[in-house]
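Student: Handing you a structure now.
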Amino acid sequence: MYSNGFTMSKPIRILYIEDDIVTAARVQMQLDQYGYVVDLAMNGIEGLAKLENQLYDIVAVDYHLPGMNGLQVLQNLAASQFAIPSIMVTGAGNERVAVEAMKLGVGDYLVKDTDSHYLELLPAVIESELEKQQLITEKHRVEEALRERDTILEAVSFAAEQFLTCTHWGEPIQKVLARLGQAVTASRVYLFENHPHQDGSLLTSQRYEWVANGITSQIDNPLFQNFPYYPDFKQWADMLAQGLSIYGLTQDLFGYKAEIMQAQDIQSFAIIPVFVGKQWWGFMGYDDCLKEREWPPVVIETFKTAASLLGAAIQHERMNKALRESEARLAKTQRIAHLGHCEWDIINNIRDLSEESCLMLGLPPDNRLVPNEVFTNAIHPEDRKAVKKAVAKTICADKPYDIEYRIIRPDGQIRYVHNLSEVIRDQNGKPLRFIGTLQDITVRKQAEAE
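So the sequence shown is numbered by our numbering: it starts at 182 and just counts up by one.
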């Protein structure tokens with residue numbers, strides 16, 4: 182087996198395959214001085230067996246071995262799953278063997294000499310090979326991190342597109358969680374929403390979840406409905422409320438937190454707060470149930486971006502709902518007062534009418550934008566001259582537009598209206614539009630006539 186590469190935090194473990202007991206002992210003694218842990222194997226079969234059962238950072242193989250020479254050991258090693266760095270030790274004049282070994286992926290080789298000077302060179306060769314392997318490993322890590330970042334960014338872009346085009350953020354959330362989970366090869370991605378208990382304490386409940394194949398779902402776990410933050414998760418709640426993310430390994434937890442995570446087979450986790458405006462709404466969570474992993478900073482940042490997109494989608498929906506409710510209240514008020522909105526776009530000669538204004542004119546209530554001619558043709562012929570004069574006075578003399586006149590509806594019914602507007606001009610004083618109200622005053626006029 183092969184460890185995850187050279188690391189200074191653990192002693193380097195070396196497998197040396199050498200059939201000469203005296204030479205093997207000298208090698209072991211020499212490398213012990215440098216703090217290396219050296220295991221010995223007397224032949225190729227024994228060496229390959231040790232590789233099956235122990236993690237090694239590097240293997241050194243002597244060419245002359247009984248039953249299976251060093252090249253054959255390397256061939257077996259190359260054909261196996263162990264991409265372990267290796268060094269070949271050859272006898273004098275065996276440069277051909279060294280070349281063949283290099284073709285099999287050997288990082289370096291040493292030639293045995295009669296004075297055993299190669300033993301003095303061996304530690305430096307091992308260190309050089311380990312450093313090369315560390316660079317290769319780091320390069321692979323960077324490349325993998327970049328690939329993962331690009332995949333996650335694609336997932337975040339997908340989330341943004343879904344949230345922008347939906348009417349309710351809950352519609353695409355399942356697809357969004359799945360895309361994010363697959364992008365980071367997570368085992369589980371979920372969303373919790375905060376809500377108050379009747380005693381005023383803060384609870385949270387799981388609303389949505391995606392799980393990878395073979396992972397146990399927790400969406401129906403009653404434990405995660407009306408789950409209290411306090412007292413066991415108070416610290417986490419305080420951190421999340423401050424906008425801080427929480428991530429790490431389950432093995433580093435203790436107490437009830439550890440129990441909760443272990444019960445779900447979680448080995449690594451990341452918990453990202455979701456804010457709607459300035460309100461802490463809940464959190465998104467990412468679990469790895471198969472392995473311990475350290476979430477790279479770039480991944481955490483993209484998790485935060487996804488949470489921000491979700492928070493913005495929720496806020497946008499709330500604002501739209503509030504706007505619809507406000508418009509409904511306004512429409513109701515206008516119906517009660519027989520008052521409607523009336524806007525004239527002078528440049529395009531179009532009228533923008535509210536539902537109540539449409540009803541006054543006898544127009545379909547959903548026909549909000551109409552050519553100005555439709556509006557002016559509805560004015561009683563006897564009143565058109567006065568209306569036209571009032572418009573000109575407002576535009577030229579900048580006087581208030583405040584006039585009462587009659588309109589004739591398509592069904593022939595005559596209504597009295599009060600039209601109150603102001604003119605909007607550009608920076609050069611050119612009139613752009615009239616904005617104002619239209620009120621049905623028929624009842625008042627009839628009362629005055631009596």
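Just so you know, even glycine gets a beta-carbon here, dropped at the ideal spot from N, CA and C.
Everything numeric in this text was worked out from a predicted model, so none of it was measured.
Going by other Cβ atoms of all chains shown within 10 Å of its Cβ, with 16 needed for buried, is Y437 buried or exposed?
Tutor: Within the sequence shown, numbered from 1, the residue matching residue 437 stands at position 256. Classification of Y437: exposed, given that the 10 Å Cβ count is below 16.
Student: Decide if P266 is buried, meaning its Cβ has at least 16 other Cβ atoms within 10 Å, or exposed.
Tutor: If you number the sequence shown from 1, residue 266 lands on position 85. That one is buried.
Student: Here's a check: name, in chain order, each residue in its chain whose Cβ is nearer than 7 Å to the Cβ of I495, leaving out the five neighbours to either side.
Tutor: Along the sequence shown, read from residue 1 onward, the residue named residue 495 stands at position 314. Around I495: W350, V457 and W462.
Student: So the beta strand (DSSP E) W525 belongs to, where does it begin and stop?
Tutor: Stepping through the sequence shown from its first residue, residue 525 is reached at position 344. Unbroken beta strand (DSSP E) run through W525: L520 to D526.
Student: Please report how far the alpha carbon of Y217 lies from the alpha carbon of R277, in whole angstroms.
Tutor: As a first step, residue 217 is located in the sequence shown; it is residue number 36 there, counting from the start. As a first step, residue 277 is located in the sequence shown; it is residue number 96 there, counting from the start. Looking at the two C-alpha atoms, the distance is approximately 30 Å.
Student: For Y586 and E629, what's the separation of their Cα atoms in angstroms?
Tutor: Translated into the one-based positions of the sequence shown, residue 586 becomes position 405. Translated into the one-based positions of the sequence shown, residue 629 becomes position 448. Straight-line Cα distance between these residues: approximately 15 Å.
Student: So what does A451 bridge to, in DSSP terms?
Tutor: Your numbering for residue 451 matches position 270 in the sequence shown. Note: A451 sits in a beta bridge opposite Y428 and Y467.
Student: Using C-beta distances below 6 Å, list every residue in its chain close to I584, excluding the 5 sequence neighbours before and after it, in chain order.
Tutor: Numbered from 1 along the sequence shown, position 403 holds the residue referred to as residue 584. A571 and N600, listed in sequence order.
Student: CB-CB under 6 Å to P353, same chain, minus the five flanking residues each way: which ones, in chain order?
Tutor: Looking up residue 353 in the sequence shown gives position 172. Result list for P353: Q343 and C347, in chain order.
Student: Where are the alpha helix (DSSP H) runs, 4 residues long or more, that stay fully inside the segment 197-281, in chain order?
Tutor: Complete alpha helix (DSSP H) runs here, min 4: 202-213, 225-234 and 251-260.
Student: Can you tell me where the alpha helix (DSSP H) with T318 in it begins and where it stops?
Tutor: Taking the sequence shown and counting its residues from 1, one reaches residue 318 at position 137. Y299 to T346 is the span of the alpha helix (DSSP H), which, as asked, contains T318.
Student: What three-state label does DSSP hand P591 in the structure shown?
Tutor: For this step, residue 591 is matched to residue 410 along the sequence shown. Coil.
Student: Counting only runs of 4+ residues fully inside the segment 472-560, write out the alpha helix (DSSP H) ranges in chain order.
Tutor: Within the segment 472-560, the complete alpha helix (DSSP H) runs of at least 4 residues are 478-518, 536-542 and 553-559.
Student: Can you give the Cα-Cα distance for C651 and I589, rounded to whole angstroms?
Tutor: Limits of the chain in this structure are 182 at one end and 631 at the other, which puts residue 651 out of reach.
Student: Find the nearest neighbour of G225 within the set G248, S368 and E324, judged by alpha-carbon distance.
Tutor: Residue mapping note: residue 225 aligns to position 44 of the sequence shown, counting from 1. Of the candidates G248, S368 and E324, the one whose C-alpha sits nearest the C-alpha of G225 is G248.
Student: Following the continuous alpha helix (DSSP H) through V572, name the residue where it begins and the one where it ends.
Tutor: Within the sequence shown, residue 572 is the residue found at index 391, counting from 1. Counting along the chain, the alpha helix (DSSP H) containing V572 begins and ends at R565 to A578.
Student: In whole angstroms, what separates the C-alpha of F187 from that of Y197?
Tutor: Here residue 187 corresponds to residue number 6 of the sequence shown, with the count starting at 1. Here residue 197 corresponds to residue number 16 of the sequence shown, with the count starting at 1. Note on F187: pLDDT 37, under 50, position unreliable in the model; the coordinate value appears next. Answer to the nearest angstrom: the Cα atoms are 17 Å apart.
Student: Just confirm the distance between the C-beta atoms of K603 and G617, as a whole number of angstroms; I'd bet it's less than 8 Å.
Tutor: Start at 1 with the first residue of the sequence shown, and residue 603 comes out as number 422. Start at 1 with the first residue of the sequence shown, and residue 617 comes out as number 436. Contrary to the premise, residue 603 reads as Glu rather than Lys in this sequence. 6 Å between Cβ atoms; contact.
Student: Run through DSSP, which three-state label would P562 get?
Tutor: One-based indexing of the sequence shown puts residue 562 at position 381. DSSP places P562 in coil when its eight states are reduced to three.
Student: Is DSSP giving K611 helix, strand or coil here?
Tutor: Locating residue 611 in the sequence shown gives position 430, counting from the first residue. Three-state result, K611: coil.
Student: Going by DSSP, what residue range makes up the alpha helix (DSSP H) through W417?
Tutor: Along the sequence shown, one-based indexing puts residue 417 at 236. Unbroken alpha helix (DSSP H) run through W417: K415 to A422.
Student: Considering just the uninterrupted stretch of the beta strand (DSSP E) at V370, what are its terminal residues?
Tutor: One-based indexing of the sequence shown puts residue 370 at position 189. Looking at the DSSP string, the run of the beta strand (DSSP E) that includes V370 is R369 to P377.
Student: If you measure between the beta carbons of A259 and I195, is that distance less than 9 Å?
Tutor: The residue you call residue 259 lines up with position 78 of the sequence shown. The residue you call residue 195 lines up with position 14 of the sequence shown. Cβ distance not < 9 Å, so A259 and I195 don't count as in contact.
Student: At which residues does the beta strand (DSSP E) containing V392 begin and terminate?
Tutor: For this step, residue 392 is matched to residue 211 along the sequence shown. Per DSSP, V392 belongs to the beta strand (DSSP E) from L383 to V392.
Student: With DSSP collapsed to three states, give me the class of G617.
Tutor: Residue 617 sits at position 436 when you count from the first residue of the sequence shown. Correct three-state label for G617: strand.
Student: I need the straight-line Cα distance from T332 to V365, nearest angstrom please.
Tutor: Translated into positions along the sequence shown, residue 332 becomes position 151. Translated into positions along the sequence shown, residue 365 becomes position 184. Going by the C-alpha atoms only, they are around 8 Å apart.
Student: Following the continuous beta strand (DSSP E) through V292, name the residue where it begins and the one where it ends.
Tutor: Numbered from 1 along the sequence shown, position 111 holds the residue referred to as residue 292. Taken as a continuous stretch (DSSP letters only), the beta strand (DSSP E) holding V292 covers D289 to V292.
Student: Taking contact to mean at least 3 C-beta pairs separated by less than 8 Å, is the segment 504-515 in contact with the segment 427-437?
Tutor: In short, these stretches do not touch, since the Cβ pair count stays below three.
Student: Which residue wins for smallest C-alpha separation from A264, given the options Q314, V551, A359 and A559?
Tutor: What you label residue 264 is simply residue 83 of the sequence shown in a count that begins at 1. Out of Q314, V551, A359 and A559, Q314 has the C-alpha closest to the C-alpha of A264.
Student: Give a yes or no on whether the C-beta atoms belonging to L303 and L212 are separated by under 9 Å.
Tutor: Here residue 303 refers to the residue found at position 122 when the sequence shown is read from its first residue. Here residue 212 refers to the residue found at position 31 when the sequence shown is read from its first residue. Yes, the Cβ-Cβ distance between L303 and L212 is below 9 Å.
Student: When you compare the segment 375-386 with the segment 521-536, are there three or more beta-carbon pairs, one atom per stretch, that lie closer than 8 Å?
Tutor: Touching, no.
Student: Report all residues from its chain with a CB closer than 8 Å to the CB of P546; omit the five preceding and five following residues, and keep chain order.
Tutor: What you label residue 546 is simply residue 365 of the sequence shown in a count that begins at 1. The answer, listed in chain order, is E536, C539 and L540.
Student: Let me know if V337 comes out buried or exposed under the rule of 16 or more other beta-carbons within 10 Å of its beta-carbon.
Tutor: Locating residue 337 in the sequence shown gives position 156, where the first residue counts as 1. By the 10 Å Cβ count, V337 comes out buried.
Student: If you drop the 5 nearest sequence neighbours on each side, which residues of the same chain put their C-beta closer than 7 Å to that of E631?
Tutor: Walking along the sequence shown from the start, residue 631 turns up at place 450. There are no such residues.
Student: Applying the criterion that 16 or more other CB atoms from any shown protein chain within 10 Å of the CB defines a buried residue, is F615 buried or exposed?
Tutor: Mapped onto the sequence shown, residue 615 falls at position 434. With 16 or more Cβ atoms within 10 Å of its Cβ, F615 is classed as buried.
Student: Which residue wins for smallest C-alpha separation from Y389, given the options A367, D446, P409 and G466?
Tutor: Stepping through the sequence shown from its first residue, residue 389 is reached at position 208. Of the listed residues, the one whose Cα sits closest to Y389 is G466.
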